[in-house]
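Asker: For what it's worth, our numbering labels the leading residue of the sequence shown as 16, then goes sequentially.
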Amino acid sequence: EVKTGDLLAIWATGAYGMSQASNYNARRRPAEVFVEGNRLRLIRRRETQEDLLRADVLG
Numbered sequence: 016e017v018k019t020g021d022l023l024a025i026w027a028t029g030a031y032g033m034s035q036a037s038n039y040n041a042r043r044r045p046a047e048v049f050v051e052g053n054r055l056r057l058i059r060r061r062e063t064q065e066d067l068l069r070a071d072v073l074g
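#1: Which residues bound the alpha helix (DSSP H) around E65?
#2: Thinking C-beta only, is L55 closer than 8 Å to A46?
#3: Using 8 Å as the threshold, is the C-beta distance between L67 and N38 below it?
#4: What's the C-alpha gap between R61 and L73?
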């Protein structure tokens, strides 16, 4: 059972990966981790609320 705070791995996301990601409905983009054998490397950190608002024009 998945609970709040659990870490999930979603393999082979295809078009739903970062290349086609958007911030629709103010959803922040998730972190991305490169997996090679038993090695993990963070290649993109999760967006913050500040990142999301930085692109907005207020007025």
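The C-beta atom is built at its ideal place from N, Cα and C for all residues, glycine as well.
Answerer: On the basis of the coordinates in this document:
#1: The residue given as residue 65 occupies position 50 in the sequence shown. Note, E65: alpha helix (DSSP H), 64-69.
#2: Taking the sequence shown and counting its residues from 1, the one referred to as residue 46 is at position 31. Taking the sequence shown and counting its residues from 1, the one referred to as residue 55 is at position 40. No, the pair does not count as a contact, with Cβ atoms beyond the cut-off.
#3: The sequence position of residue 67 within the sequence shown is 52, counting from 1. The sequence position of residue 38 within the sequence shown is 23, counting from 1. In this structure, N38 lies closer than 8 Å to L67 by Cβ.
#4: Numbered from 1 along the sequence shown, position 46 holds the residue referred to as residue 61. Numbered from 1 along the sequence shown, position 58 holds the residue referred to as residue 73. Distance between the alpha carbons of R61 and L73: 23 Å.
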